[in-house]
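Student:
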Amino acid sequence: MMRSKRDMELTDEMEDDIEKWIKKKLSTGDNEISKKEAKNGLKAFVKKYNLPKITKEEWKELDKIFDAVDTNGNGKLSLEELKAAWEAQEKGENDE
Ligand SMILES: [Ca+2]
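Numbering (the working numbering), first residue to last: 524 to 619.
Here's what the structure looks like:
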C-alpha cells in the first residue's frame, strides 16, 4: 500500500510498525481508517524514522491512492477495501 514515486526502502522494523498501526486502526473504534487518521499516522511515521517530509505532490498522490482504495467512497478504508487493494497490487493490476 501507499507505494509512491519515492523509492523508499522499508526496514523490517518499519514494516512491522505499519502493520501494527493498520491492525490497531482496523480493530478499534469504527474499525476503519479515515483519511485524517492515515495522514496523521503517516506524519508520525515520517517523524519517528526521520524520513524526508512528504511533499505536496506526494500528498496529492496519496490522496488519489486513498480514494482509489476507498471503493465505497465513505472516506474511510475498511479491511475489505485494503485487502482488495493489496490483492490487486500483488496481481500487478493497477487500473487507475
Ligand atoms: Ca470505504
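Built from N, CA and C at the ideal position, the CB exists for glycine as well.
Quantities reported herein were computed from a predicted structural model and do not represent experimental measurements.
1) Tell me where the alpha helix (DSSP H) around Ser550 begins and ends.
2) Helix, strand or coil for Ile556 per DSSP?
3) Asp590: buried (16+ other C-beta within 10 angstroms of its C-beta) or exposed?
4) Leaving aside the five residues before and after Gly615 along the sequence, list all residues of the same chain whose C-beta is less than 8 Å from its C-beta, in chain order.
5) Which residues mark the beginning and the end of the alpha helix (DSSP H) in which Ile588 is found?
6) Following a CB-centred definition, is Ser557 positioned closer than 7 Å to any heavy atom of ligand 1?
Tutor: On the basis of the supplied data:
1) For Ser550, the enclosing alpha helix (DSSP H) has its first and last residue at Asp535 to Ser550.
2) Correct three-state label for Ile556: strand.
3) Answer is exposed; the Cβ neighbour count stays below 16.
4) Closer than 8 Å at the Cβ level, and outside the excluded window around Gly615, lies no residue.
5) Unbroken alpha helix (DSSP H) run through Ile588: Lys579 to Val592.
6) Judged by the Cβ position, Ser557 fails to qualify as a neighbour of ligand 1 at the 7 Å threshold, every heavy atom of the ligand being at least this far.
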